[in-house]
Structures are given as structure tokens and as C-alpha cells.
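Take a look at the structure below.
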């Protein structure tokens with residue numbers, strides 16, 4: 125490390141032989157730490173003009189710091205303008221008041237009076253000093269002095285960042301659930317307040333904000349419908365992230381028993397958005413396609429979040445829960461749903477929009493899912509892994525794993541790599557209610573799963589069972605009892 129030696133001048137009073145020796149020791153210590161010290165005890169030769177020497181040292185531009193060591197004698201002589209200290213004070217005080225570089229002068233306190241008041245000249249009383257008055261604090265004071273001279277403070281000013289984007293995002297400002305989500309996160313992190321009430325408060329605003337995204341297809345919009353629905357889905361990304369931020373906070377700070385009941389309740393409120401709203405006499409089949417994608421993505425991200433948080437029993441709850449939601453087009457009737465109802469075909473995206481641009485696109489929903497995987501805490505492979513679990517939980521029926529179209533870019537999934545050992549298999553076993561790796565192999569070989577992966581879409585995409593670590597699991601566990 126090549127650092128230029130800073131040059132400093134020490135100003136002090138010959139108060140006593142002991143004090144003079146202490147100053148010399150300080151100078152020697154600074155010299156040993158790479159600081160070029162100018163001190164009269166070794167820099168002022170016999171016959172030199174003392175006043176001229178002092179004036180030169182104070183005003184010399186090569187002197188980076190002037191260390192002013194003040195005790196009761198120094199303070200008294202400085203205020204009374206007596207002796208060499210008095211002359212020096214006249215020079216230094218003018219520099220202190222007139223100099224633009226206020227950092228050049230470092231007051232070092234060596235003594236306090238009987239009342240504990242710092243012994244400093246009047247012109248230095250308002251300045252911050254380094255306190256050497258207590259012997260047991262001298263090591264810390266010395267470190268502070270050296271850091272000051274080298275301009276390497278213990279706590280450096282942090283790099284200036286960018287202002288929070290949501291402050292200037294009018295869309296973010298219009299989403300009231302963002303503030304309720306922030307309040308929930310504060311409560312669960314601090315442990316003060318009721319997470320249950322805060323979550324309910326958030327849910328109310330969240331559902332209301334989602335409702336504002338409702339659109340309706342019409343003959344007039346037929347030619348531009350793809351652009352309309354894509355634009356609508358694009359505007360929902362903030363809603364998704366606000367929701368997932370809440371789930372992340374809950375999964376980190378609360379137990380499954382504490383937040384899963386409320387999570388399933390809010391999912392029950394989200395599900396009806398995919399159907400025609402109550403009171404609407406006519407509706408096109410594709411009118412709710414925006415919500416079909418939004419709800420699918422929300423559920424997928426929720427499962428992925430719980431897996432990352434190792435809340436495997438929470439995933440099992442979501443996979444086995446019966447979601448009771450109102451049948452909006454059937455009056456007051458209620459219907460029971462399983463998790464596969466969060467994954468519905470969106471005709472306008474997969475049939476109409478796929479005809480635009482690249483006609484070889486296998487799934488517009490898969491493309492959108494990949495394009496929108498912008499969260500720093502959630503990789504696309506995390507979504508892929510969550511979808512793999514959902515697909516196996518459905519046993520090939522009802523959950524079409526769109527993200528797997530990009531399986532060649534993912535590699536083998538972590539959960540399935542770890543499943544080679546009994547301990548590593550536990551997460552999958554918990555989520556899918558399986559007792560052994562042999563059951564997993566049998567599920568992968570099930571006719572319904574094989575049929576799905578041999579369908580035209582997956583065949584065209586070149587999808588295999590390699591992300592599931594099938595070959596190795598089959599070799600290790602396929603023939604075991």
C-alpha cells in the first residue's frame with residue numbers, strides 16, 4: 125500500500141517536562157504510523173527565529189494539519205496572548221477564522237479543570253476536539269487523530285443512492301394497499317401490534333385495487349384486444365409485488381399456523397376475479413383473461429415464496445385446501461375449488477395473441493411470466509420449481525406447467541437434486557404427501573404425467589424429465605420396495 129505521508133505541525137505549550145515529553149512521544153508515535161511530524165523539539169534549530177518558525181508552520185500549504193494540544197497552561201497563554209503560545213495564537217486564530225479549510229486545525233484536549241470543563245482557548249471552544257484527557261481513553265483518541273489526519277473516518281459517508289422509485293411512480297401512489305403492506309411488514313418485524321388485523325386491513329385494499337383492473341371485451345376492441353389485455357397485465361406487476369412482499373414478510377416472521385389461514389382466505393377472494401362479476405348480464409369469454417393470468421401468477425409466486433422460505437408444510441396446506449368462493453354468475457351459490465382452479469386457460473393470450481409476431485410461440489403466458497420475472501429475490505428457476513411441484517401435485521391433471529417450456533435453460537431443479545438422499549427428499553415428501561423417493565419416481569412415470577409431457581406443445585419445446593432428476597432418481601430408487 126503506497127500512501128503519501130501527510131505532514132502535520134504540533135502546537136503546544138512547554139507546561140512541564142512531563143507534558144513536553146508526552147508531546148514528543150505523541151510525535152514519535154505519529155511518525156511511526158507514517159505521518160511526517162514537524163515539532164519544535166526536533167525541527168527548530170538553535171539560533172532560528174521562533175516566531176518566524178511558528179508563522180511558517182501555520183501558513184505553510186504543505187502542512188496538512190495543525191494539531192493544537194491544549195492544557196490549562198496553553199489555554200491561559202493563548203487567551204492572554206502571552207509568550208510564544210500567545211504569538212502562535214494570533215497567527216492560528218486568524219487562520220481558523222479566515223481559512224476556508226476548517227479541517228486543517230485539530231484541537232486535542234489534554235486537560236480538564238476541577239469542574240470537568242475542557243481547557244481550551246476561547247477561539248477553540250466551539251470546535252469539536254479529540255479528547256486525550258483520560259488515560260484509559262487515549263488509545264481510542266489516538267486512533268481518531270490518525271484517522272482524521274489520513275481522512276479515513278471510522279464511519280464514512282455512504283454512497284448517494286437513488287430515491288425510492290415509488291415516490292415518483294403515480295401508479296404506485298394510486299395503490300393504497302402498498303401502504304397497508306408496509307404497515308403489515310413493520311408489525312411482523314417489530315413484534316408490536318396485531319399481524320392478523322394488519323393483514324385483514326391489507327387484504328381489503330388489495331382486493332379493491334385489483335378490482336380496478338377489470339376490463340371488458342367488446343366488438344370495438346376486437347382488433348386491439350391483445351394490446352389492451354397485455355397493457356392491463358403490465359400494470360398489475362406492482363399489485364403482484366406488493367402481495368408477495370407481504371407473503372415474504374409473513375413467511376420470515378410468522379409460523380404457518382399464524383398466517384396460512386389468512387393467506388387461504390385472501391386467495392379465496394382473489395379466485396372469483398377470474399369469472400364474470402355479479403350483476404353483469406353479458407360478458408365475453410375472454411373478458412376476464414387478464415385476471416386469469418394475474419391470479420395464476422399470484423398463486424405461482426406465493427408457492428415459490430413459501431418454498432424459498434422452507435415453509436413446506438405451508439405449501440401442503442395450499443395444495444390440499446378447498447377454496448370456497450362465490451359463484452358470481454349463479455346468485456348466492458358457493459363453489460368449492462382446488463388449487464388447479466388458479467391455473468385457467470386464457471384464450472385471448474394463447475390463441476389470439478399468439479398469432480401476432482412470432483407465430484411459433486408456444487405459450488404467450490409462459491413468455492409473459494418470464495418477462496415479468498423481475499424481482500431480485502425470485503429467479504425464474506424458482507417459479508419453474510414451484511410449477512414442477514404443482515404439476516406433480518395435480519398428477520398431470522388440471523395444472524398445465526407453462527413455465528416448463530423453458531426447461532432447457534433451467535437445468536436440474538435443486539429440490540429434485542437433493543431428493544437423492546432421504547433427508548433431502550423431505551421437502552418434496554412434505555409438499556406432495558409422499559413417503560419415499562420411489563413414490564416420486566412412480567409419479568413421474570404415471571400415465572397422466574407422461575401423456576402431458578409427450579403432448580405436442582412440450583414435444584415441440586423439447587421438454588424431458590431431466591429438470592426432475594428423473595434418471596438418477598430412477599437409478600437409485602426406482603426398483604426399491
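In my numbering, the protein residues as written are 125 to 605. All residues carry an ideal CB built from backbone N, CA and C; glycine is no exception.
Applying the 10 Å Cβ sphere with the 16-neighbour rule, what's the burial state of residue i?
{"i": "residue 140", "result": "exposed"}
{"i": "residue 435", "result": "buried"}
{"i": "residue 363", "result": "buried"}
{"i": "residue 321", "result": "exposed"}
{"i": "residue 284", "result": "exposed"}
{"i": "residue 458", "result": "exposed"}
{"i": "residue 561", "result": "buried"}
{"i": "residue 205", "result": "exposed"}
{"i": "residue 202", "result": "buried"}
{"i": "residue 307", "result": "exposed"}
Look at the alpha carbon of residue i and the alpha carbon of residue j, and state the distance between them as a whole number of angstroms.
{"i": "residue 679", "j": "residue 310", "result": "Residue 679 lies beyond the stretch modelled for the chain, which goes from 125 to 605, so this question has no answer here."}
{"i": "residue 144", "j": "residue 138", "result": "6 Å"}
{"i": "residue 295", "j": "residue 593", "result": "In this prediction, residue 295 scores a pLDDT of 48, lower than 50, which makes its location untrustworthy; no coordinate-derived value is stated."}
{"i": "residue 601", "j": "residue 546", "result": "11 Å"}
{"i": "residue 271", "j": "residue 196", "result": "26 Å"}
{"i": "residue 257", "j": "residue 129", "result": "27 Å"}
{"i": "residue 410", "j": "residue 352", "result": "12 Å"}
{"i": "residue 176", "j": "residue 243", "result": "27 Å"}
{"i": "residue 450", "j": "residue 460", "result": "9 Å"}
{"i": "residue 329", "j": "residue 313", "result": "21 Å"}
{"i": "residue 599", "j": "residue 500", "result": "36 Å"}
{"i": "residue 508", "j": "residue 527", "result": "6 Å"}
{"i": "residue 264", "j": "residue 317", "result": "41 Å"}
{"i": "residue 386", "j": "residue 319", "result": "10 Å"}
{"i": "residue 577", "j": "residue 523", "result": "12 Å"}
{"i": "residue 350", "j": "residue 332", "result": "25 Å"}
{"i": "residue 566", "j": "residue 426", "result": "27 Å"}
{"i": "residue 131", "j": "residue 238", "result": "35 Å"}
{"i": "residue 136", "j": "residue 233", "result": "11 Å"}
{"i": "residue 269", "j": "residue 152", "result": "14 Å"}
{"i": "residue 156", "j": "residue 127", "result": "14 Å"}
{"i": "residue 147", "j": "residue 281", "result": "32 Å"}
{"i": "residue 550", "j": "residue 575", "result": "27 Å"}
{"i": "residue 448", "j": "residue 279", "result": "55 Å"}
{"i": "residue 548", "j": "residue 154", "result": "58 Å"}
{"i": "residue 262", "j": "residue 496", "result": "57 Å"}
{"i": "residue 260", "j": "residue 165", "result": "27 Å"}
Could you tell me how far apart the beta carbons of residue i and residue j are, in whole angstroms, since I believe they sit closer than 8 Å?
{"i": "residue 180", "j": "residue 273", "result": "Incorrect: roughly 20 Å between the Cβ atoms, too far for contact."}
{"i": "residue 380", "j": "residue 437", "result": "5 Å"}
{"i": "residue 134", "j": "residue 163", "result": "5 Å"}
{"i": "residue 516", "j": "residue 541", "result": "That belief does not hold up - the Cβ atoms of residue 516 and residue 541 are roughly 15 Å apart, past 8 Å."}
{"i": "residue 375", "j": "residue 433", "result": "4 Å"}
{"i": "residue 422", "j": "residue 394", "result": "6 Å"}
{"i": "residue 511", "j": "residue 525", "result": "5 Å"}
Just to confirm before moving on: does the CB-CB distance between residue i and residue j stay below 8 Å?
{"i": "residue 521", "j": "residue 466", "result": "no"}
{"i": "residue 190", "j": "residue 159", "result": "no"}
{"i": "residue 326", "j": "residue 340", "result": "no"}
{"i": "residue 513", "j": "residue 439", "result": "yes"}
{"i": "residue 492", "j": "residue 417", "result": "yes"}
{"i": "residue 428", "j": "residue 506", "result": "yes"}
{"i": "residue 253", "j": "residue 277", "result": "no"}
{"i": "residue 397", "j": "residue 415", "result": "yes"}
{"i": "residue 596", "j": "residue 544", "result": "yes"}
{"i": "residue 360", "j": "residue 337", "result": "yes"}
{"i": "residue 572", "j": "residue 536", "result": "no"}
{"i": "residue 192", "j": "residue 150", "result": "no"}
{"i": "residue 400", "j": "residue 382", "result": "no"}
Which residue wins for smallest C-alpha separation from residue i, given the options the options?
{"i": "residue 236", "options": "194, 263, 342, 270", "result": "194"}
{"i": "residue 494", "options": "358, 517, 469", "result": "358"}
{"i": "residue 569", "options": "519, 129, 258", "result": "519"}
{"i": "residue 373", "options": "396, 323, 399, 350", "result": "323"}
{"i": "residue 490", "options": "148, 424, 391, 564", "result": "424"}
{"i": "residue 446", "options": "464, 319, 566, 576", "result": "464"}
{"i": "residue 473", "options": "356, 251, 259", "result": "356"}
{"i": "residue 245", "options": "539, 198, 334, 337", "result": "198"}
{"i": "residue 354", "options": "477, 303, 282", "result": "477"}
{"i": "residue 534", "options": "503, 331, 262", "result": "503"}
{"i": "residue 240", "options": "525, 251, 255", "result": "255"}
{"i": "residue 443", "options": "303, 553, 266, 315", "result": "553"}
{"i": "residue 178", "options": "186, 213, 154", "result": "213"}
{"i": "residue 441", "options": "388, 147, 475", "result": "388"}
{"i": "residue 335", "options": "308, 299, 315", "result": "299"}
{"i": "residue 606", "options": "266, 267, 261, 229", "result": "The structure shown does not extend to residue 606, since the chain is modelled only from 125 to 605, so the question has no answer here."}
Kindly examine the ligand ATP and report whether one of its heavy atoms sits closer than 7 Å to the Cβ of residue i.
{"i": "residue 534", "result": "Absence of the ligand ATP from the depicted structure is noted, as is the absence of any ligand whatsoever, leaving it without description."}
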